[in-house]
Structures are given as structure tokens and as C-alpha cells.
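Asks: In this note's numbering, the protein residues as written are 715 to 938. Beta carbons are placed, not taken as given, at the ideal position from N, Cα and C, and that holds for glycine.
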């Protein structure tokens, strides 16, 4: 049996099998494997948890256990980044996977001494290949679209980490030239986010959020 509409199929399965709970893609994957059902789409990780609940559950984590990430989890995070939207489908995202202690220490130095970066077992540095975007969109591609595309990939990584039960944080405060030097990035590859990932050592409380009517405007800015 194969599913051409995997998300709908997973939802249907969850209503028929009460043992599938919590929105974990691992549980869904086990269900497919244990029941000899073709796993939907290569690399696809089933998501039963509602997207909004997942977004609300995400936290910025600054304390990590030293336990290494499983290779499958890292692949899943990269798969999530791969499917982020990009302008003209130019896919300018480049990701450097950092695991060595020496490299993480250098990233701490390049990131204004944020020690939690070195605490995480794995750090993903999301970069933009400016030339891939500028080849079609010129200056706007390299100055805006590539940055937006890398941001979309970063958000996908953060949400997928949350669904995997992992903690993560989006670090944007760093010296780009120093990060470029540490990672030996070639010309035209711009580092845009540093994402430490690992098991969190403590629960994080949700920060307050603005009410919807505080940041929405009807037809033009300032009209409520």
C-alpha cells in the first residue's frame, strides 16, 4: 500500500489507531514499518501534531545535554531545510554541520562569547549562496531573496527539531567575517544563522506575545 497524500493519510490513521499520539514523526514511522506500509515520500517525516501547536511549542534553548544527535535526526533536520521555499526555486541554502569541539569553540568566539553554542552536540550554520539567487534576480536576489530563503530554512530546522524532541536556538549575533574564516566559506557564501541543537537540560517558559490586534492592520497601516 502507498499513500499519495501522506499528511491526510496520517491523520486518518491517527483517528483509527488510538495508540498514535503526541505528533511524533517517529511514532508514525514505526506504524508504517510495523504494518508493512510503504513509507510516504522519501525522507518525509509524518507530522500528526498540528502545525500551530508545534510552532507554539518551540522555544529558544540555551542549555544542552552533551548527548550526540542520532544521524537519522540530523538527516531529518537537513531534509526539512531542503524543502524550505526559495525564490524561483533557486535553493541558495548551504549548511555547514559543526560537531568538533575546536570548531564550536571558534564559533563561540565569533559569536560574541555565547557559550551555549559549544554546549550543543551539533551546530548547523545556515548560509546563503548569493550567486545562486543573483543569477536570476540580480542585486535583489543577493540582498534580499537569498536571506529570506535561508531564514525559511532556519525556521524549518527549528520546528523540526521541536518535533524531534530536541532543543534549538536561532543565533544571529555573530561576526560574519570571523564565521566565514572559521568555516572557510568561499566568496559569495554568507553565513546567516547559527543553530545549536541538542537535548535541552531544562524546560523553557513561553515568553509573552503581542495580541493579534496589536500588529495587524486592515487595508493600510494604522487602520484597525
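Go ahead and pull the three-state DSSP assignment for residue 926.
Replies: Residue state, collapsed to three classes: helix.
Asks: So what does DSSP say about residue 823, is it helix, strand or coil?
Replies: Correct three-state label for residue 823: helix.
Asks: In this structure, how does DSSP classify residue 783 when only helix, strand and coil are distinguished?
Replies: Coil, per DSSP.
Asks: How many angstroms separate the CA atom of residue 839 from the CA atom of residue 916?
Replies: If you take the alpha carbons of residue 839 and residue 916, they lie about 24 angstroms apart.
Asks: Have a look at residue 801 and residue 882 and give me their C-alpha separation to the nearest angstrom.
Replies: Using only the alpha carbons, I get a separation of about 26 angstroms.
Asks: Tell me, to the nearest whole angstrom, how far the beta carbon of residue 911 is from that of residue 791; I am working on the premise that it is less than 8 angstroms.
Replies: That pair is a contact at about 7 angstroms.
Asks: When you compare the stretch 839 to 859 with the stretch 796 to 815, are there three or more beta-carbon pairs, one atom per stretch, that lie closer than 8 angstroms?
Replies: A contact exists between the stretch 839 to 859 and the stretch 796 to 815.
Asks: Look up residue 910 in the DSSP assignment and give the residues it is bridged to.
Replies: Note: residue 910 sits in a beta bridge opposite 837.
Asks: Between residue 826 and residue 864, which are expected to be in contact by the criterion C-beta below 8 angstroms, what is the C-beta distance as a whole number of angstroms?
Replies: Rounded, the Cβ-Cβ distance is 20 angstroms, inconsistent with contact.
Asks: Measuring alpha carbon to alpha carbon, tell me which residue in 775, 764 and 766 is nearest residue 918.
Replies: Considering only alpha carbons, the answer is 775.
Asks: Ends of the alpha helix (DSSP H) at residue 807?
Replies: Note, residue 807: premise wrong, no alpha helix (DSSP H); beta strand (DSSP E) at 807 to 812.
Asks: What is the rounded straight-line gap between the Cα of residue 823 and the Cα of residue 812?
Replies: One C-alpha to the other measures close to 14 angstroms.
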